[in-house]
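**Q** Just passing along the structure, written as structure tokens.
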Amino acid sequence: MRSTAMRTHMCGELDIASVGKTVSLCGWVARRREHGEHLAFVDIRDHSGIMQCVVDNDVDVRSEFVIRVTGLVRARPEGTINSSLTTGMVEIGDCVVEILNSAEPPPFPVDARADDVDEMIRLKYRYLDIRRERMQKNLRVRAQINSAIRKEMETNGFVEVETPFLMPSTPEGAREFLVPSRKEPGSFFALPQSPQLWKQLLMVAGVDRYYQIARCLRDEDLRADRQYEFMQLDAEMSFVSQDDVLENIGRAVVAAAIAVTGEAPPEIERITWHDAMNRFGIDKPDLRFAMELIELTSLFAGTEFKAFAGASCIKGICVDAKTYPEAAAFGRNKLDGLTDRAKKIGAKGLVWMKIGADGAVDSPVAKFLSDSEKSALVSAMGATEGDLLLLVADEWDTTCEVLGQLRNDIGRPPVHQGPYKYVWVTEFPLFIGIDPVSGRPRPGHHPFCQPHPDDMSLFETEPLKVRALAYDLVLNGWELGSGSIRIHEPEMQRRVFNQLGISDEEADKRFGFFLQPFKYGAPPHGGFAFGIDRLAAILAGEENIREVIAFPKTQSGLDPMTNAPTPVDPAHLAELGLRLLPPPASS
RNA sequence: GGUCCCGUGGUGAAGCUGGAGUUCACGCCGGCCUGUCAAGCCGGAGGUCGCGGGUUCGAGUCCCGUCGGGACCGCCA
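The first sequence lines up with residues -10 to 576 when you count with this note's numbering.
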């Protein structure tokens, strides 16, 4: 029960069954409607809802005053029922109103109208913004997710362990937030980008199943789905296969989804990274819509068209006129825009074709294609009259990437729009591309991922073909998180470092504090981490994680309410052994 | 670091081809009002059109710069 010394009920919980009770409610004045000296309606609001209070005497309460109302719950008179309120059948009569605190007029309406208010102003007065139903709901969605995850993880034998916030700076990965040391001037702690290091050590330590809903910090530019600070369900398990990890993390995600939506999402699909790239042109495919990439390389094997002849990979997407009437009917201007977009991503060009009656092909390049090529193309693409075809011929990765981007540009719905499509993307490549400076492969994920056992014969000869036991979880085109089976044997770790061009000495210098414990009996282990903010945003129906974070930063990394970050005085710096450089000269 | 969009009383908007800080809705203050519910009616206050410069007889409007916000790219092993 939420009753306290000051109140008997929450505002939103009274209904027709409460009639006849004398109640006390506490909350904020949402609205008042005065009808002369002897009648006024005061709507009192708390996070649970709104209750109408009928005041017979004169009382001066204004918007957002904090009040306590005591009175008798009664059914509303015939014809005055408000069906848009859950409490609309009843009202409180014979009210005694106590003003607990007055309030200045708020800078914006504390209701749904503030959805349209400049976000900067909402953030400056976040304590008022959060008073609104939308934010109350969102924060509670988030709490439900955390709660459901904890319960599920604990049911499955995971132990919550808290890991340090102050840790050494590590050389790899995202930019870190640094914290100067007072006792060791000139030395710094780093704030964790993730508890990766700690959780693997906990496996060495025999914890067996660890989890934590952990705050992670990365000093990288902010986005709709990225903040400096974010929360992850971080987990690690010993003596497991990849399937064990996916099943356990999957259970937590499903539990969270059920807690919020009340229904289980469809089974989480699986797709390999290679298939995801081939079919959707991206490693975080949005499975809510089709427009899949269609393989056309062999179809144009003998073509006279120079842009296609000899291309190692030709693919196309079909913009279906029924589903995307606007895009399918793009004029020359828009098509040129798509071509520019394709070139920007790395394609040499973009071929567009409009399908007319009887499969006629209207395109600047139509004259270079034979009739049989055209008809084979139309049939391979499943195109019908009015459809727009977009084709790219290039290296496999460029072709996939460009069409995947165009597919998203044209077809992707807002991230929160149903149905929810969760998908595991597995078998990420161990290495991605060659570093132009070192001439060595670059790690696809991080250098501690276990290579796929089936690919070890290629490890030294064709490293770029080696898959990793690494996987992502994707929801509606947003990467929720990623994980892997980790390397637990020093010899395997050495082989990976060798491929990356990292010598034993260098590995010891850079990762020694991490690798040393592995000499003392590291169990085979693997884990995962996924972003709570992103999951909460999507399940709350928001397109932006700021809407599910109580006090977020703006895109420029500032807090309009506290004005953080702020300068500190020189004495404060001196204590830390710091001195500021002069501001960079503006040239 | 880059591309694009936005900036007008407390809030949200309109302001056309340059012609007086003009308009609309909400909010605010005062008055009236005994069944309203984003109450209604009457009256009132409130703005250096983000900031700076330029063009012009004249700039919210056109140009340049700058600051702030947002979306995206880079970046996020």
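Even glycine gets a Cβ: it sits at the ideal position worked out from N, Cα and C.
Since this is a predicted model, take the numbers as computed values, not measurements.
Please classify D32: is it buried, with 16 or more other beta-carbons within 10 angstroms of its beta-carbon, or exposed?
**A** As a working note, residue 32 is residue 43 in the first sequence. Burial call: buried.
**Q** Could you have a look at T250 and say whether DSSP puts it in helix, strand or coil?
**A** Against the first sequence, residue 250 aligns to sequence position 261. Of the three classes helix, strand and coil, the one that applies to T250 here is helix, per DSSP.
**Q** Per DSSP, what kind of secondary structure is T387 in: helix, strand or coil?
**A** Residue mapping note: residue 387 aligns to position 398 of the first sequence, counting from 1. The answer is helix: DSSP assigns T387 an H, G or I state.
**Q** Quick check on this structure: which residue in L547, V8, R207 and P94 has the alpha carbon closest to the alpha carbon of P66?
**A** Along the first sequence, one-based indexing puts residue 66 at 77. The shortest Cα separation from P66 among L547, V8, R207 and P94 belongs to V8.
**Q** Who are T11's beta bridge partners in DSSP?
**A** On the first sequence, residue 11 is found 22 positions in, with the first residue counted as 1. Answer by DSSP bridge pairing, in chain order: L61.
**Q** Given that a residue counts as buried once 16 or more other Cβ atoms are within 10 Å of its Cβ, and exposed if not, what is F228?
**A** Position 239 of the first sequence, counted from the start, is the residue given in the question as residue 228. Label assigned to F228: exposed.
**Q** Give the secondary structure of Q231 by DSSP, where H, G and I count as helix, E and B as strand, and everything else as coil.
**A** For the purposes of this step, residue 231 is taken as the residue at position 242 of the first sequence. Here Q231 sits in helix by DSSP.
**Q** Inspect the CB distances between the segment 479 to 499 and the segment 435 to 447 and report whether three or more fall short of 8 Å.
**A** Yes: at least three Cβ pairs fall under 8 Å.
**Q** Specify, as a first and last residue, the run of the alpha helix (DSSP H) that M78 falls within.
**A** Here residue 78 is taken as the residue at index 89 of the first sequence, counted from 1. First-last for M78: undefined, no H or E at that position.
**Q** What separation, rounded to the nearest whole angstrom, lies between the Cα atoms of V43 and T69?
**A** To locate residue 43, count along the first sequence from 1; it is residue 54. To locate residue 69, count along the first sequence from 1; it is residue 80. Approximately 12 Å, taken between the alpha carbons.
**Q** Tell me whether S575 is buried or exposed, calling it buried when 16 or more other Cβ atoms sit within 10 Å of its Cβ.
**A** Mapped onto the first sequence, residue 575 falls at position 586. Unreliable placement is indicated for S575, whose pLDDT of 44 sits below 50; no coordinate value is reported for it.
**Q** Just tell me which of Q544, P554, M342 and E536 has its CA closest to the CA of A103.
**A** One-based indexing of the first sequence puts residue 103 at position 114. A103 has its Cα closest to that of E536, out of Q544, P554, M342 and E536.
**Q** Have a look at P169 and L567 and give me their C-alpha separation to the nearest angstrom.
**A** On the first sequence, position 180 is the one that residue 169 refers to. On the first sequence, position 578 is the one that residue 567 refers to. Taking the straight line joining both Cα atoms gives about 8 Å.
**Q** Going straight from the alpha carbon of L28 to that of S73, what length do you get?
**A** Looking up residue 28 in the first sequence gives position 39. Looking up residue 73 in the first sequence gives position 84. Near 22 Å, if we compare the C-alpha coordinates of S73 and L28.
**Q** Rank S91, A525 and R111 by C-alpha distance to the C-alpha of P98 and give the top, closest one.
**A** Taking the first residue of the first sequence as 1, we reach residue 98 at position 109. The option with the nearest alpha carbon to P98 is R111.
**Q** Along the chain, where does the beta strand (DSSP E) containing T312 start, and where does it finish?
**A** Locating residue 312 in the first sequence gives position 323, where the first residue counts as 1. Per DSSP, T312 belongs to no beta strand (DSSP E) and is neither H nor E.
**Q** Where does L112 sit, in a helix, a strand or coil, going by DSSP?
**A** Indexing the first sequence from 1 puts residue 112 at position 123. Note: L112 maps to helix in three-state DSSP.
**Q** Using the C-alpha atoms, what's the distance from Q482 back to P418?
**A** For this step, residue 418 is matched to residue 429 along the first sequence. For this step, residue 482 is matched to residue 493 along the first sequence. Between P418 and Q482, the C-alpha separation is close to 16 Å.
**Q** Would G305 pass as a contact of L378 if the rule is Cβ separation under 7 Å?
**A** Counting from 1 along the first sequence, the entry for residue 305 is found at position 316. Counting from 1 along the first sequence, the entry for residue 378 is found at position 389. Closer than 7 Å, so yes.
**Q** Near F119, which residues of its chain fall below 8 Å by C-beta distance, leaving aside the five closest residues on each side in sequence?
**A** Your numbering for residue 119 matches position 130 in the first sequence. Just to set this straight, residue 119 is Ile in the shown sequence, not Phe. Closer than 8 Å at Cβ, skipping near neighbours: Q125, L128 and A539.
**Q** Buried or exposed: which applies to G501, given that a residue is buried once 16 or more other Cβ atoms fall within 10 Å of its Cβ?
**A** Reading the first sequence from its first residue, position 512 is the one you call residue 501. Exposed.
**Q** Output the distance between the C-alpha atoms of L282 and S361, rounded to the nearest integer angstrom.
**A** If you number the first sequence from 1, residue 282 lands on position 293. If you number the first sequence from 1, residue 361 lands on position 372. Rounded to whole angstroms, L282 to S361 spans 21 Å at the Cα level.
**Q** By DSSP, does K604 sit in helix, in strand, or in coil?
**A** With the chain running from -10 to 576 in the structure shown, residue 604 is simply not present.
**Q** Tell me which residue opens and which closes the beta strand (DSSP E) that V354 is part of.
**A** Stepping through the first sequence from its first residue, residue 354 is reached at position 365. Looking at the DSSP string, V354 is not in any beta strand (DSSP E), and its letter there is neither H nor E.
**Q** Identify the continuous beta strand (DSSP E) that holds P430 and give its terminal residues.
**A** Position 441 of the first sequence holds residue 430. P430 to P432 is the extent of the beta strand (DSSP E) around P430.
**Q** By Cβ distance, which residues of its chain are closer than 8 Å to D386, with the 5 residues on each side in sequence left out?
**A** Along the first sequence, read from residue 1 onward, the residue named residue 386 stands at position 397. Around D386: M266.
**Q** Less than 8 Å between the CB atoms is what I'm expecting for I134 and A245, so what's the real figure, rounded?
**A** The count along the first sequence starts at 1 and reaches residue 134 at position 145. The count along the first sequence starts at 1 and reaches residue 245 at position 256. With 8 Å as the limit, I134 and A245 qualify as a contact, their Cβ atoms being about 4 Å apart.
**Q** Please classify R164 as buried or exposed, where buried requires at least 16 other C-beta atoms within 10 Å of its C-beta.
**A** Taking the first sequence and counting its residues from 1, one reaches residue 164 at position 175. Flag for R164 reads exposed.
**Q** Measuring CB atoms only, is the segment 413 to 427 touching the segment 192 to 207, in the sense that at least three cross pairs come out at less than 8 Å?
**A** With the cut-off at 8 Å, the segment 413 to 427 and the segment 192 to 207 do not touch.
**Q** Would you identify the three-state DSSP class for V557, choosing helix, strand or coil?
**A** Sequence index remark: in the first sequence, residue 557 carries index 568 (1-based). In this structure, V557 counts as coil in the three-state DSSP scheme.
**Q** My output table needs one value for R198: the three-state DSSP class, helix, strand or coil.
**A** Reading the first sequence from its first residue, position 209 is the one you call residue 198. Three-state result, R198: strand.
**Q** What's the call for I577, buried or exposed, on a 16-neighbour Cβ count within 10 Å?
**A** There is no way to answer for residue 577, as the model of the chain reaches only from -10 to 576.
**Q** Where R131 and G60 are concerned, what is the direct C-alpha to C-alpha distance, given to the nearest angstrom?
**A** Sequence index remark: in the first sequence, residue 131 carries index 142 (1-based). Sequence index remark: in the first sequence, residue 60 carries index 71 (1-based). When rounded, the distance between both Cα atoms is 35 Å.
**Q** Under 7 Å between the Cβ atoms of P430 and F420?
**A** Against the first sequence, residue 430 aligns to sequence position 441. Against the first sequence, residue 420 aligns to sequence position 431. Contact: yes.
**Q** Per DSSP, what kind of secondary structure is E284 in: helix, strand or coil?
**A** Looking up residue 284 in the first sequence gives position 295. Three-state result, E284: strand.
**Q** Okay, do the segment 515 to 527 and the segment 464 to 472 touch, 3+ Cβ pairs below 8 Å being the bar?
**A** Short answer: they touch.
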